[in-house]
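Residues in the sequence shown are numbered from 10 upward in steps of one, following this note's numbering.
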Amino acid sequence: MIVNAFGQEAKVDGPKITFEETKHEFGDITQGDVVTHVFKFKNEGTAPLQLNNVRTTCGCTAPQWPKEAIMPGETSEIKVVFNSRGKRGLQNKVITIYSNAVNNTETVKIVTNVLMPKQETE
Numbered sequence: 010m011i012v013n014a015f016g017q018e019a020k021v022d023g024p025k026i027t028f029e030e031t032k033h034e035f036g037d038i039t040q041g042d043v044v045t046h047v048f049k050f051k052n053e054g055t056a057p058l059q060l061n062n063v064r065t066t067c068g069c070t071a072p073q074w075p076k077e078a079i080m081p082g083e084t085s086e087i088k089v090v091f092n093s094r095g096k097r098g099l100q101n102k103v104i105t106i107y108s109n110a111v112n113n114t115e116t117v118k119i120v121t122n123v124l125m126p127k128q129e130t131e
């Protein structure tokens, strides 16, 4: 919320992206598991919101995002798929969202602990 000198809430001029959550924890998963999470967001601005790009810190994390504009007041989502193959231990993956919003660069993250698979006993 932006407050002007008179103590009143000022309207955001242009698109503004706001996420329901900025971090999701999967907890413990087993190496090789593929997990998915959806980050929901809303355009709380006064103009159409356009996501220009969504980047991740690693090829193991794949984002899917809307290519069409999100109108003021509308909601949409970014789907993130994490493949734990070859990973172990605590994983903290940052997803950076680039848009035409007044807050044009935002980040969300996923966190998980990748456990080694249990060895089969014969």
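Here a beta-carbon is modelled for each residue, glycine too, at the ideal position from N, C-alpha and C.
Bear in mind that the values here come from a model prediction, so they are computed numbers and not experimental data.
**OP:** Note down the Cα distance separating ARG94 from TYR107, rounded to an integer number of angstroms.
**Re:** Your numbering for residue 94 matches position 85 in the sequence shown. Your numbering for residue 107 matches position 98 in the sequence shown. For ARG94 and TYR107, the distance between alpha carbons rounds to 28 Å.
**OP:** Please report the residue range of the beta strand (DSSP E) in which ASN101 lies.
**Re:** Translated into the one-based positions of the sequence shown, residue 101 becomes position 92. Here the beta strand (DSSP E) through ASN101 covers 98-108.
**OP:** Say whether the region 110-129 touches the region 23-30, bearing in mind that this needs 3 or more beta-carbon pairs closer than 8 Å, one atom from each stretch.
**Re:** yes
Original post:
Using the beta-carbon count (16 or more within 10 Å), is GLU29 buried or exposed?
Top reply: Mapped onto the sequence shown, residue 29 falls at position 20. Exposed, by the Cβ-count rule.
Original post:
Can you give the beta carbon distance from LEU124 to ASP37, rounded, assuming they're within the 8 Å contact cut?
Top reply: Position 115 of the sequence shown, counting from 1, holds the residue named residue 124. Position 28 of the sequence shown, counting from 1, holds the residue named residue 37. That belief holds up - the Cβ atoms of LEU124 and ASP37 are roughly 6 Å apart, short of 8 Å.
Original post:
Hey, how far is the Cα of TRP74 from the Cα of VAL63?
Top reply: Walking along the sequence shown from the start, residue 74 turns up at place 65. Walking along the sequence shown from the start, residue 63 turns up at place 54. Cα to Cα, the separation comes out at about 7 Å.
Subject >> Closest Cα partner of VAL103 within the set GLN128, PHE91, ASP42, LYS118 >> reply: For the purposes of this step, residue 103 is taken as the residue at position 94 of the sequence shown. Ranking GLN128, PHE91, ASP42, LYS118 by Cα distance to VAL103 puts LYS118 first.
**OP:** For GLN128, count neighbouring C-beta atoms within 10 Å of its own C-beta (all shown protein chains included) and say buried if the count is 16 or more, exposed if not.
**Re:** One-based indexing of the sequence shown puts residue 128 at position 119. Exposed is the call here.
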